[in-house]
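Note that numbering that gives the first Met the number 0 has the sequence shown beginning at 0, numbered continuously upward.
Backbone N, C-alpha and C define an ideal beta-carbon position, used for all residues, glycine too.
Comments concern the structure below.
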Amino acid sequence: MTLSIIDTSIILTYIVGILFLGFYISKKASKDLQSYFLGGNTMKWYYLGLSNASGMFDTSGTMWTVSILFIYGLKSAWIPWLWPVWNQVFIFVYLAIWMRRSGAMTGAQWITFRFGDGKGAKLSHIIIVIFAVISVIGFIAYFFEGIGKYCTSILPWDLSTNIGSYHLTSDHAYALIVCILTTIYTVKGGMYSVVATEVLQFFIMTISCFCIGYIAYTSVTAEQIRAAIPEGWGDLMFHWKLNLDWSHTALPNINDKIKSDGFTMFGALFMMMLFKGIFASIAGPVPSYDMQRVLSARKPSDAAKMSFSTIFVMYIPRYLMVASFAVLGLVYLGPEMGKMGSHIDFEKVLPLSINRFVPIGLKGLVLAGFLSAFMGTFSAFVNAAPAYIVNDIYKKYINPHASNSKYIRLSIISSVILVLVGIVCGFNAASLNKLTLWLTSALYGGYVAANLLKWVWWRFSGLGYFWGMLFGLIASTTKLFVFPDVVDIYVFPVILLVSLIGCIIGTYLEPLSNRESIKEFYRKTRPWGFWGPIKREVIAENPDFIPNQDFKRDASNVLVGIVWQMAQVVIPIYFMIRQNTYMVVWCGVLIVTSIWLKKFWWDKLKEADL
């Protein structure tokens, strides 16, 4: 593809501007670790919400979402439940409030707040640091793989070269350049740079979404879409089997892709996603950029509003763009992709569509938008992980009295090392789909049991957390290397069971220690769950203490919130494929659920800061 001078200038201007912005505000990050990693807890919730939305608007994830909509149609709206995407609902309804009440800087520091400072607490503290580092490296590899494919598809320059006996492909060359540029401004300015650049990136991306939506809607008719898709593609609901047959279309090889994904038994997949999703959501966010935003908020109610705004501002623009590229690909790229035979790469639907359909000028904006989406997500992870290494390892166990300048310098070094390791893993990544399924199903499967029990069970100990996490990490890693061809979501129950066994064994290895720390956690966090003995002791010591009685309200708000979020996914898709009746119905659902959340959640948030 050739880029015009206008498009090239827009991209270069964006890159220079984002680097300048990151360096310009970097002085604010140099005060101490609190400023570097959390922005000093001074940033407003709506800035953090826009930043979080930008971080979730990643290029690799958008490419994957376009590809699954292309293949599975409306039923693809269910597939992101693999993460699950509605864990954000659990977070804004109650988990963000519980987390922010700790005053911790990282997820690992939060573990010390939960379990105290005994042997078990120290071991659990170390294991969560290990998990955080492993997950960040995995996501860096995932982003590296995605941005390389994207850049090669839409940029005109061939950067492949030979370095000795090694052949560096254009995919990897582009990915290296973008990762290095993003790392530079991230390590320089910490959380301030991340949030400031991500807010700018969010607006660029949102403008791009609506522009692409206009192009697709005016370029494709309902008749053209119907002619390109198999029967059932436009149906949201599903049966036990997927029953989506591409044999009589221009892309019969999609049937092979569906089979290789392991999604033919869609009913079983849905049940497994629902099973996994409930446990994973109650467990709370993994120790990465999402938790970092929660801990950065000024107060608990702000943390909840931040998480809510992430969904509210992101989903409709993002899925408008996803639907636009999918229908453009179906109508105009189908025959061309069908000629690729067994070598077809559905993850290139998005970049190929940009290449063909976006006009000069807007193309530069869209390309800059996707670069910004990638850089925003990548920078968020790069900022989150070093906090665990420096604050939770070096400062806590090695040198607690070092100067702030030394801590920040070590944070920069840690960021660079983690990026390098992630890039090495990215060089060996097979595909976005395999990385996505392993990260969401196997690795996180080892995280769920211990992190669910920490919220709801009074007897759960630091040793239980350590052994549960360790068993889970061993099980998920075994799956990756010993059973690589087994679909990850289907082994989630096995990994969960192995991790749960570790939790129970570790918990009963010794009597409950740090009882006073656990009571302090319960007093300050005020969770619901199985806290009977601890609750009685706290009330006996402080008769004015009011335990959490909001379980039913939180549960109903979660159910309504999931429907509210789903409406924002399907409305732009129905709009783009001209199913206007369903679109209007779901708009009504969105309005009703929004009113419910306003009355039974937003208006109750003032209680969170008491």
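Bounds of the beta strand (DSSP E) holding T160 are 160 to 162. Listed in chain order, the non-local C-beta contacts of F574 below 6 Å within the same chain comprise M582, local neighbours out to five positions each way being set aside.
A distance of 7 Å or more separates the beta carbons of C424 and A174.
Using a 10 angstroms sphere on the CB of T217, the tally of other CB atoms stays under 16, which defines it as exposed. Exclusion of the five residues before and after I9 leaves G360, G363, L364, L366, A367 as the residues of its chain whose Cβ lies within less than 8 Å of its Cβ. Under DSSP, Y581 forms no beta bridge with any residue.
Within the same chain, G115 come within 6 Å of S516 by CB-CB distance, once the 5 residues on both sides are set aside. For W456, the pairing in a beta bridge is given by DSSP as F529. One Cα belongs to N254, the other to L81, and the distance between them is close to 21 Å.
If you keep only unbroken alpha helix (DSSP H) runs of at least 4 residues inside the stretch 45 to 94, you get 58 to 71, 86 to 89.
Pairing A172 with S134, the inter-Cα distance amounts to about 24 Å. The C-beta of W239 has fewer than 16 other C-beta atoms within 10 Å across all chains shown, which makes the residue exposed.
7 Å or more divides the Cβ of N556 from the Cβ of F491. By the Cβ rule, the stretch 470 to 483 counts as touching the stretch 493 to 503, because three or more pairs are nearer than 8 Å.
Annotated as proximal: V447 and F278, with beta-carbon spacing under 7 Å. H238 carries a coil assignment under DSSP once its states are collapsed to helix, strand and coil. Sequence-distant partners of M98 (beyond 5 residues in either direction) whose C-beta falls short of 6 Å from its own C-beta, in its chain, are V293.
Under the DSSP assignment, L419 falls outside any beta strand (DSSP E), being part of the alpha helix (DSSP H) whose first and last residues are 403 to 426. Segment contact: the stretch 584 to 599 against the stretch 544 to 564, three or more CB-CB distances shorter than 8 Å; contact assigned.
About 6 Å separates the beta carbons of I90 and P284, which is inside the 8 Å limit, making them a contact pair. L167 has T160 as its beta-bridge partners, per DSSP. For V330, no alpha helix (DSSP H) run applies, since DSSP gives it neither H nor E.
In this structure, the alpha-carbon of S66 lies about 15 Å from that of L243.
Annotation for A227: L329, V330, G333 place their beta carbon closer than 6 Å to its own, counting only its chain and skipping 5 residues before and after. By the Cβ-count criterion, K453 is buried, with 16 or more other Cβ atoms from all chains shown falling within 10 Å of its own Cβ. At a Cβ-Cβ threshold of 7 Å, T105 and A386 count as neighbours.
For S101, there is no enclosing alpha helix (DSSP H), as DSSP gives it neither H nor E. A distance below 6 Å between beta-carbons, with the five flanking residues on each side excluded, links T181 to the following residues of its chain, in chain order: M374, F377, S378.
Here DSSP, grouped into helix, strand and coil, assigns W563 to helix. Residue state for M374 is assigned as helix, using DSSP reduced to three classes.
DSSP places K603 in no alpha helix (DSSP H); its state is neither H nor E. Residue burial annotation: W156 is exposed, with fewer than 16 other C-beta atoms found within 10 angstroms of its C-beta.
For F269, the enclosing alpha helix (DSSP H) covers residues 265 to 282. Each of T309, V348, E197, F307 was checked against the Cα of S323, and the nearest Cα belongs to V348. By a beta-carbon distance limit of 8 Å, V591 does not contact L235. Their separation comes to about 18 Å.
Going by DSSP, F491 is part of the alpha helix (DSSP H) stretching over 491 to 506.
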